[in-house]
Structures are given as structure tokens and as C-alpha cells.
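Participant: Could you have a look at this structure, given as C-alpha cells, before my questions?
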Amino acid sequence: MARALVLNATYEPLCVVSARRAVVLVLGDKADVLHATGDEMHSEHLSVPIPSVIRLRYFVKVPFARRAALNRRAVFARDGARCQYCTAPAESIDHVVPRSRGGEHSWENVVAACRPCNARKRDRLLSETTMVLRRHPSVPRELTWVTVAVGAVPNHWTPYLQPALSA
Ligand SMILES: [Zn+2]
Numbered sequence: 243m244a245r246a247l248v249l250n251a252t253y254e255p256l257c258v259v260s261a262r263r264a265v266v267l268v269l270g271d272k273a274d275v276l277h278a279t280g281d282e283m284h285s286e287h288l289s290v291p292i293p294s295v296i297r298l299r300y301f302v303k304v305p306f307a308r309r310a311a312l313n314r315r316a317v318f319a320r321d322g323a324r325c326q327y328c329t330a331p332a333e334s335i336d337h338v339v340p341r342s343r344g345g346e347h348s349w350e351n352v353v354a355a356c357r358p359c360n361a362r363k364r365d366r367l368l369s370e371t372t373m374v375l376r377r378h379p380s381v382p383r384e385l386t387w388v389t390v391a392v393g394a395v396p397n398h399w400t401p402y403l404q405p406a407l408s409a
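The sequence shown begins at 243 in the numbering used here and counts up by one.
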């Protein structure tokens with residue numbers, strides 16, 4: 243199913259919705275199409291261009307600090323789906339300081355990991371192993387939610403995401 247990027251009236255990226263939901267917003271005069279895929283969606287009575295980027299006609303207030311939800315999918319998005327110990331494709335998430343040793347379930351203590359590394363580390367602290375983290379885990383950039391929502395960000399979305407990425 244095609245997805246559409248929704249921008250606030252201020253052009254700030256807001257969320258990602260299904261193309262069908264985007265069509266509903268456009269047909270309801272709630273949003274304007276900024277970019278269309280070139281394909282059309284057909285219903286009983288009409289065919290409409292499938293929107294890929296839309297801008298709301300009204301302003302939506304966004305909570306000041308939008309923190310990305312901490313889950314496996316979001317951690318994989320932040321870490322590029324690579325094991326943070328050996329760069330192999332990640333298959334699980336690892337608590338750097340094991341939970342059994344008081345480690346928190348937080349962005350700063352969770353990394354993507356492959357099964358062999360996860361199994362090798364067990365419930366040990368890094369200092370008790372020879373394993374090294376490639377990158378220190380941190381709270382992801384605000385726009386990770388876009389990546390999480392679509393997997394890969396379509397090229398033509400990039401210009402719309404730039405202001406937020408540089409903010
Ligand atoms: Zn690994």
C-alpha cells in the first residue's frame with residue numbers, strides 16, 4: 243500500500259498515512275497535494291491521482307518533544323538494522339548493560355544486535371567482554387519516525403524533510 247507524507251500547514255513534517263487516507267483528506271478539502279505518484283486510485287465514481295506528499299490546510303499543534311517510541315523496529319531503524327558490535331545484519335536487540343545487572347530499557351542502553359553477538363555477550367557487562375560498540379547508542383533524531391513508518395524514505399520526500407532534519 244502506498245504511503246503519503248503529511249505536512250503541517252507550516253510545512254513541518256507531521257506523519258505518514260496510507261495513500262487512501264491522504265486521498266480522503268484531499269477530497270475533503272482538508273489538504274492540498276504537493277506531490278503525486280503519477281498513479282491513479284479508482285473508486286466507483288471517480289479516479290484521483292494518488293498523493294505522495296500532502297499539506298494540511300489547517301494547523302495541527304504538535305507536542306514539543308516528540309520522542310520516538312522505543313521498540314525493536316525503531317531501534318533497527320536508528321541502527322540501520324546492523325549489529326552494533328560486528329555490523330552483521332541485526333536479528334535482535336541487546337541491552338548494553340543487561341537488565342539483570344540493572345540496565346534500563348532506554349534508547350541509551352539498547353542496540354540492534356545479531357544473534358551470535360547477543361549469545362556471546364549474555365548477561366555480562368561490556369567491560370567483562372572483548373566486544374566493542376561501533377557507536378554509542380542515543381535517542382534518535384526526531385525524524386526517525388518517518389523512517390520507521392516507511393522503511394526507506396522516498397527520494398522525493400527529502401526536500402520536504404530537510405527543514406526539520408537541519409532544525
Ligand atoms: Zn554481531
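Where is the CB? At the ideal position from N, CA and C, for every residue including glycine.
(1) Just confirm the distance between the C-beta atoms of Val317 and Ala354, as a whole number of angstroms; I'd bet it's less than 8 angstroms.
(2) Residue range of the alpha helix (DSSP H) that Arg320 falls in?
(3) Under 8 angstroms, do Val266 and Pro291 count as touching if we go by C-beta distance?
(4) For Pro340, I'd like the list of residues in its chain whose CB is within less than 6 angstroms of its CB, leaving aside the five on either flank, ordered along the chain.
(5) Apart from the five residues just before and just after Asp184, which ones in its own chain have a Cβ nearer than 6 angstroms to its Cβ?
(6) Among the residues of its own chain, which have a CB less than 8 angstroms from the CB of His347, if the five just before and after it don't count?
(7) Please confirm whether any heavy atom of ligand 1 lies closer than 7 angstroms to the CB of Cys257.
(8) Using the beta-carbon count (16 or more within 10 Å), is Pro331 buried or exposed?
(9) For Ser334, does the three-state DSSP call read helix, strand or coil?
(10) What residues sit near ligand 1, counting only those whose C-beta is closer than 5 angstroms to one of its heavy atoms, in chain order?
(11) Would you tell me roughly how many angstroms separate the C-alpha atoms of Phe306 and Leu256, rounded to the nearest one?
(12) Between Ala278 and Ser294, how many whole angstroms is the CB-CB distance? I'm expecting something under 8 angstroms.
(13) Among Ala246, Asn250 and Leu298, which residue has its Cα nearest to the Cα of Gly270?
(14) Put Cys356 into one of helix, strand or coil per three-state DSSP.
(15) Report yes if the CB atom of Phe301 is closer than 8 angstroms to the CB atom of Asn351, and no otherwise.
Facilitator: The structure says:
(1) So it is a contact: roughly 5 angstroms between Cβ atoms.
(2) Arg320 -> alpha helix (DSSP H) spans Arg314 to Arg320.
(3) Not a contact, by the Cβ cut-off of 8 angstroms.
(4) Asp365
(5) No answer is possible for residue 184: it lies beyond the span of the chain, which begins at 243 and ends at 409.
(6) Leu312, His337 and Arg341
(7) No, Cβ of Cys257 sits at least 7 angstroms from all heavy atoms of ligand 1.
(8) Exposed is the call here.
(9) strand
(10) Cys325, Tyr327, Cys328, Ala330, Cys356 and Cys359
(11) A caution first: Phe306 carries a pLDDT of 48, below 50, which makes its placement in the model unreliable, though a value can still be read off. When rounded, the distance between both Cα atoms is 12 angstroms.
(12) 6 angstroms
(13) It is Leu298.
(14) coil
(15) no
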